[in-house]
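See structure below.
There are 2 protein chains.
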Amino acid sequence: MLLRFTFFFLLLLAAAMQPSVADDGYRLWLKYDRVADASLRAQYQASAQFIVAEGQDVVLRTAAAELQRGLQGLLDQSVPVLNQAEKNSTKRGIILRIDPTANVSAQTNTANVSGKKKTNSASAAKGSPEGFQIATQGGNLVVSGRSGAALLYGVFALLRQLQTRQPLANLALTSSPRIQYRLLNHWDNPNGTVERGYAGSSIWKWQELPERIDPRYEDYARANASIGINGVVLNNVNASARYLTPEYLRKVAAVAGVLRPYGIRVYLSVLWAAPKVIGGLTTSDPLNPQVQQWWAHRTDEIYKTIPDFGGFLVKANSEGEPGPQDYGRNHADGANMLARALGQHDGAVMWRAFVYQAGSGDRFKQAYEEFQPLDGKFAPKVLVQVKNGPIDFQAREPFHPLFGAMPRTPLMLEVQLTQEYLGFATHLVYLGPLIKECLMADTYAKGPGSTVAKVVDGSLENHAVSGIAGVANIGADRNWTGHPVGQANWYAFGRLAWDHTLSPAAIAEEWTRMTLTQEPAAVRSITQVLNESRSIYVRYTTPLGLHHIMGQNLHYGPEPWLTKSARPDWTAIYYHRADSVGLGFDRTAMGSNALALYAPALRQRWGSPATCPPDFLLWFHHLPWGQKLSTGRPLWDELCTRYYTGADSVLWMQRQWAAVQPAVDAELHADVAARLQVQHREALWWRDACVLYFQTFSRRPIPAPFPKPIRSLAEIKEQVAIYQLR
Amino acid sequence: MLLRFTFFFLLLLAAAMQPSVADDGYRLWLKYDRVADASLRAQYQASAQFIVAEGQDVVLRTAAAELQRGLQGLLDQSVPVLNQAEKNSTKRGIILRIDPTANVSAQTNTANVSGKKKTNSASAAKGSPEGFQIATQGGNLVVSGRSGAALLYGVFALLRQLQTRQPLANLALTSSPRIQYRLLNHWDNPNGTVERGYAGSSIWKWQELPERIDPRYEDYARANASIGINGVVLNNVNASARYLTPEYLRKVAAVAGVLRPYGIRVYLSVLWAAPKVIGGLTTSDPLNPQVQQWWAHRTDEIYKTIPDFGGFLVKANSEGEPGPQDYGRNHADGANMLARALGQHDGAVMWRAFVYQAGSGDRFKQAYEEFQPLDGKFAPKVLVQVKNGPIDFQAREPFHPLFGAMPRTPLMLEVQLTQEYLGFATHLVYLGPLIKECLMADTYAKGPGSTVAKVVDGSLENHAVSGIAGVANIGADRNWTGHPVGQANWYAFGRLAWDHTLSPAAIAEEWTRMTLTQEPAAVRSITQVLNESRSIYVRYTTPLGLHHIMGQNLHYGPEPWLTKSARPDWTAIYYHRADSVGLGFDRTAMGSNALALYAPALRQRWGSPATCPPDFLLWFHHLPWGQKLSTGRPLWDELCTRYYTGADSVLWMQRQWAAVQPAVDAELHADVAARLQVQHREALWWRDACVLYFQTFSRRPIPAPFPKPIRSLAEIKEQVAIYQLR
């Protein structure tokens, strides 16, 4: 009796002493909190009584340590890591085994995420050294693959099973990445600021490096590895030459040393003018032998310091950055020179196609016009990195016309996780559907089904290399991404980069369960909010295909009245073309004819207002205010309806979020709830700004049942201007 | 036996379940970790069995909650907060009592910090409503004062007794602030960057406000209140007009709402041109009635939104900022206009004296020349805010000659806690001695003993108001200040602002015990490192009175060779004046005669190289390389000796720090240890840069026993230049 009482008291005490700190979001989706269901936990515990890690591969050791850490938290059980399985033991455990003969083809078979099983593809990732298999053998779970990295991915997949409360019994899971280079691009500056960063300063503390290694670097590496990211460009594409100096390479090497055990390689953005700026040369002409020699020598130095260096990312002749065109050369001349500098080193050149110049017709077309003719001219180590859409990371864009148009060139997809044009870290916008929409878009390059995904993963043209890049939304804010739901965008990018067949909704659910709650109704509600959020954002900001009407410079809030700027293609009127007749940019043959860059099937569908999907309408057509749309309403009424229902939908998001309050950590819940308040205030701001401004052209009333804005256009212009003040 | 065993096991379990997270520095000096000495803890526990908080004053409630929180942690004991003491109870506790008749004069009597007891002064703070008394009455500790804020300060003082393990028995402690306005100045921009900030982005999340209140704001308020800071300027002196708009005032009010319960008022930096930028006026002339009306109206609006608003900080006609001189008016015209706008509101105008213009002779003199003639012209609500030295927050400066020269004007002292010229967040530099050195400097304005402290606290001239400002070193980095020891600078500023008679060494010890360790030998070592650190920094960067030879723009690292800049007084050669004859800026009557701005006693002492303290020598004299100094060495040899011994002293700091390793949290220890590595690398950088550069003028060898630098001047210039690249 005494014993029982004491034991009970002991349990109480144990419960009381659980650290009761609020969830500040630092742990991301790797919380590893104890599985509450005792029976399920017991099942898991029985299957995980030991870990065997065979061999000394450094990434394998990371995998074993991560598995031990995860099991400690999830199962509340210390699990030993052994070098080999005990003979004749009756215990069941998990064996991590590097198998040089493993050939895991590009497929994913998971119980809970992918809709499709056993999808085979001719992807470049076939037989990827990063693919893993989890199988049940002799009562044990065996995680195998050709490399330590494969095992690390396998371990995270296994932990994900537990984190999402899936059964382990007879688990058989095979997965291999469909894309080879899965990179985050940091637009981080040497002074610690982040261009278009909304989550605090850069996590990279250049001033402290190489001597001080912020413990956060390792948590960053863990998070990336857990979603399959295998490369990181550390610095802004508007690059400083600093990073190519021995002084900074020592710092870069220190970061590389933290990322290496997680299977992650570092890359650098390079300043094209570096040979002049730090090399003492008088030119950066890619055909100049001294310039070539400088890069070759510098590249050798980099590989001496960082043997697994990943390669170069280049923004050239874009937005004022120097480039080979300064010397009458083209992008291929530049990229190929860097590829030659890489020589025998295992690295890549990622050359960005984001180029446009003032006054050259329709900005929509420029990257195509500069790059498409270069197809076939790029060296094997070069990938051309193309943004998802032709303008610049708008809330919704048609896919970039270069996809499908450069069959002889591996094209990387660049998406933006930092919400430059999607409400910074203040608006809840889950980007899974945006990324997926682009990946699933059909280019018709080789007939129906020639999706962007197949262009990017290399399967359409059997390219040997493939890549995808996400512009990071990560900063030094405690919760990494500012908005807690920004974490879901980081997460979804990694998951889709690994396997673009996954559904964004399933990824959202997975993330929600790992990050926020296991309560089924709450998971459903939150997942629904996430899935709708991007469409809602589009509706209250840029419905029907409007684009680029945001606040100048800041890229926040509405400024459709922006008429003058340093360049015409930085104004808003360049894009919306509102006049007394109607609204929208005519990109048909009657207009800029940008539509001609797409395949005939698309030209036909998008070329007629009757068949063009409403979401893309004003991307391609200048339509009269009274034009009846497929929705049954005249353009003006449909426009207003979307602005009003879009803003109202934020109230729906608020209600959904309020309802899950009991199921979510209080601090986290309050954080998101408060941001949803800001979001609604600003959704009304967008709505009123846009309907009042466009009304000056349409001269039509706000349609019933929507109330007139209570403020004037002048008032809202004044309010918006405040955010543009120095 | 079973019971005993179980109890023992229970204890073990309790110990094991103590949250074992590494110390990330977030809790600053308010850790409230349990007092390890069981006997001492029991004594404390016996004295703290209840808290009585009499009344509903909001700051009093804060005080009671803080006391409860502190005791919970320190004593591991839940202490109830009662509205009144229980009758006939035998328990002993702590009573918080607002006593409207309390008259706590400006004095500090503490057992552990102040060398002097019962120091009376005629300070403006006499009978301050913020003064508190802690007395033992009927077995209870009674904390009393005229206001809730007084009690809050008393509670923090009481907790400090426990945190530093002082006895509570018969405690009698009286303390009152010597200076009325004790402010942090944040140089934080609306976009989230911090000018001269080295600890991440701004803690103020303007985008999220007013709806989202970051929980960090309250921790910030607690930290400030714990050291007596009672006001905060939220935005950069290079001010945006945004903050004066209703849109932003709602955000400011939300922050004010968090700070108010901690006795802290918010202030704003204002853009002089605001009437033009956001007011629609065509002028900002302070004598223009429309301008006056605009400010008066705007000020009324502010007080409607924030009833306890503190007032305005102004940087005018300085470094390109607009100001009254744009209209031919002077600083007094501008400041007095704002004072009139404040009208009956309880607020102040803090007008900065940091002004200098290109090509106007010696920059040293300009603030004096512009401001001294205005003495007596300022309205009562105006304080003129003067930097500690005449140039700009250099590692060591003579005190600003305005101190003592404007008897009819309350002068605020502005010191810089962010280490703009002192190694950012990378070098360990404790600023207590720097601040104290200025405060103790004798102006001789009314004879010997007319210290800067007495000018600033108002006692020298019996001013009704007094103030001190510290430019904050706070950012969103997890540990607030980047370098963990930066916290000591925030702490020391608050303590000295409250009572400038405290010794920096005692403050350092106090901070160390509250923040790092209680182990006596470790406390001694760390305190010693802190106390020496600023002198060491001066030695390896700017010994003997050198100044302003740092990297241009960046203000980091050496650049004594800087010859050209946008302005002559932004170069290094303007200040060091090295030539084949010698080194230093002749500010005697033979030179710029800046020395004439000081009292005769100082003119005499500093005017002769023989009597001028070595620390100020090159501030006032251009001396031949071979000139024998009071140290016995020729100038060149002494210069080299200081550079070499200064750099070597960083190794001493490293050794001292290594020795305290067992007594300090591992993560914190590793952090500081790594930064000390950077510091030594960069101390050598400074040393080599300066001795090699000055050697090109002196043409003398590095004196024995010091080794020649192993690198060339060209090499080090190249290395320094890297940090200046975009």
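Same order as they appear, the protein sequences are chains A and B.
First residue of the first sequence? That's 73 in our numbering, and the numbers climb one at a time after it.
First residue of the second sequence? That's 73 in our numbering, and the numbers climb one at a time after it.
Beta carbons are placed, not taken as given, at the ideal position from N, Cα and C, and that holds for glycine.
Remember, predicted model here, so these are calculated numbers, not experimental data.
Can you tell me whether DSSP reads residue i as helix, strand or coil?
{"i": "A:R424", "result": "strand"}
{"i": "B:K198", "result": "Since pLDDT at B:K198 reaches only 48, below the 50 mark, its modelled position is unreliable, and the value read off the structure follows with that caveat. In this structure, B:K198 counts as coil in the three-state DSSP scheme."}
{"i": "B:K323", "result": "helix"}
{"i": "A:G303", "result": "strand"}
{"i": "A:L74", "result": "Per-residue confidence for A:L74 stands at a pLDDT of 49, beneath the threshold of 50, marking its modelled position as unreliable; the derived number appears in the next sentence. A:L74 falls in the helix class under three-state DSSP."}
{"i": "B:R625", "result": "Per the sequence presented here, residue 625 of chain B reads as Asn, with Arg not at that position. Of the three classes helix, strand and coil, the one that applies to B:N625 here is coil, per DSSP."}
{"i": "A:A87", "result": "Residue placement at A:A87 is flagged as unreliable, the pLDDT there being 41, under the threshold of 50; the coordinate-derived value follows with that caveat. A:A87: helix per DSSP, three-state reduction."}
{"i": "A:Q397", "result": "helix"}
{"i": "A:Q796", "result": "coil"}
{"i": "A:L245", "result": "strand"}
{"i": "B:L240", "result": "coil"}
{"i": "B:V557", "result": "coil"}
{"i": "A:Q457", "result": "strand"}
{"i": "B:G542", "result": "strand"}
{"i": "A:G392", "result": "coil"}
{"i": "B:Q605", "result": "According to the sequence displayed, residue 605 of chain B carries Ser and not Gln. Here B:S605 sits in helix by DSSP."}
{"i": "A:P630", "result": "strand"}
Check for me: the beta strand (DSSP E) holding residue i runs from which residue to which?
{"i": "A:E126", "result": "123–126"}
{"i": "B:E486", "result": "483–488"}
{"i": "B:Y253", "result": "253–257"}
{"i": "B:R772", "result": "From DSSP, B:R772 is part of no beta strand (DSSP E); its letter is neither H nor E."}
{"i": "B:I170", "result": "166–170"}
Could you tell me which residues DSSP puts in a beta bridge with residue i?
{"i": "A:Q209", "result": "A:N212"}
{"i": "B:D514", "result": "B:T523"}
{"i": "A:K700", "result": "A:P706"}
{"i": "B:W260", "result": "According to the sequence shown, residue 260 of chain B is Asp rather than Trp. In the DSSP output, where bridge partners are listed per residue, B:D260 has B:V266."}
Does any CB atom of chain B fall closer than 8 Å to the CB of residue i?
{"i": "A:L500", "result": "no"}
{"i": "A:E280", "result": "yes"}
{"i": "A:F496", "result": "yes"}
{"i": "A:L349", "result": "Checking the sequence, you will find Val at residue 349 of chain A rather than Leu. Yes, contact with chain B."}
{"i": "A:R798", "result": "yes"}
{"i": "A:R31", "result": "In the structure displayed, chain A extends from 73 to 798; residue 31 of chain A sits before or after that span and is not available."}
Hey, does residue i have any beta-carbon neighbour from chain A nearer than 8 Å?
{"i": "B:R294", "result": "no"}
{"i": "B:I794", "result": "yes"}
{"i": "B:P394", "result": "no"}
{"i": "B:R727", "result": "no"}
{"i": "B:P287", "result": "yes"}
{"i": "B:L143", "result": "no"}
{"i": "B:R284", "result": "yes"}
{"i": "B:E739", "result": "yes"}
Alpha helix (DSSP H) containing residue i: first to last residue?
{"i": "A:L414", "result": "403–414"}
{"i": "B:G383", "result": "No alpha helix (DSSP H) contains B:G383, which is instead part of the beta strand (DSSP E) from 383–386."}
{"i": "A:L230", "result": "220–235"}
Please find out if some non-hydrogen atom of the ligand NAD comes closer than 7 Å to the beta-carbon of residue i.
{"i": "A:V736", "result": "Of ligands this structure carries none, so the ligand NAD is not represented either."}
The region 303–330 of chain A: positions lying closer than 8 Å to chain B by Cβ: S312, A313, R314, T317, E319, Y320
Taking beta-carbon pairs under 8 Å, can you tell me which members of the region 258–279 of chain B lie near chain A? P262, G264, T265, Y270, G272, S273, Q279
The region 541–566 of chain B: positions lying closer than 7 Å to chain A by Cβ: A548, D549, R550
What residues in the region 744–757 of chain A have a beta carbon less than 8 Å from any beta carbon of chain B? Within the region 744–757 of chain A, the residues whose Cβ lies closer than 8 Å to some Cβ of chain B are A746, R747, Q749, V750, R753, listed in chain order.
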